[in-house]
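Here's the structure, in structure tokens; my notes come after.
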Ligand code: S3P
């Protein structure tokens with residue numbers, strides 16, 4: 389394996405960042421961190437929805453930036469970022485500085501299917517707006533990534549296996 393200390397997963401909501409980060413951390417014996425989890429813990433709110441509703445997206449993004457600043461550079465760690473983390477250039481610069489960035493690609497239709505029964509996605513409630521976000525962000529994820537992995541039609545095992553092959 390390349391001399392990788394930190395692996396960062398980026399991609400749109402529903403691309404599987406959290407599940408893949410967890411599976412990958414078990415295979416590589418790395419720690420696993422999810423930025424949304426740390427933000428939620430810090431916020432003392434009950435859900436990401438509640439942060440967006442009561443504090444607003446700006447506060448969420450400020451917390452996201454602080455969390456990323458803190459964890460960027462941690463050794464032997466897989467980081468699952470939130471789908472919007474990369475819209476702030478400071479975040480991606482910090483992460484790219486010390487980490488290897490993997491983009492998990494998902495089609496909008498597949499993301500919709502995967503998120504159909506999940507309610508804690510404030511920016512996926514309005515499908516039209518979510519589609520616009522998708523179109524805006526998709527080129528950014530790919531541009532920032534060291535490698536891009538397509539996830540449509542693949543299970544967690546397939547995706548994890550492909551990542552390990554590509555980073556070897
Ligand atoms: C967001 C994605 C979410 C979460 C928040 C905002 C976004 O994370 O950070 O709801 O802007 O795309 P996931 O990508 O894990 O769903």
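Residue numbers (the working numbering): 389 to 556.
In this text, a Cβ means the ideal position worked out from N, Cα and C, and glycines have one as well.
Buried versus exposed, by CB contacts within 10 Å (16 or more), residue 521:
buried
Cα-Cα separation between residue 397 and residue 488, rounded to whole angstroms
9 Å
Any heavy atom of the ligand S3P within a distance shorter than 7 Å of the CB on residue 436?
yes
If you reduce the DSSP assignment to three classes, tell me which class residue 419 lands in.
strand
Would you say the stretch 506-524 touches the stretch 544-551, given that touching needs at least three Cβ pairs under 8 Å?
No, the stretch 506-524 does not touch the stretch 544-551.
Closer than 8 Å is the cut-off here; do at least three beta carbon pairs connect the stretch 435-447 with the stretch 488-504?
no
Looking at residue 511 and the ligand S3P, is the gap between the Cβ and the nearest heavy atom below 7 Å?
yes
Tell me which residues share the same chain as residue 453 and place their Cβ nearer than 7 Å to its Cβ, disregarding the 5 neighbours each side in the sequence.
476, 478, 479
Is DSSP giving residue 492 helix, strand or coil here?
strand
Give me the DSSP bridge partner(s) of residue 465.
394, 419
Inter-residue Cα distance where the pair is residue 435 and residue 425
When rounded, the separation of the alpha-carbon atoms in residue 435 and residue 425 is 9 Å.
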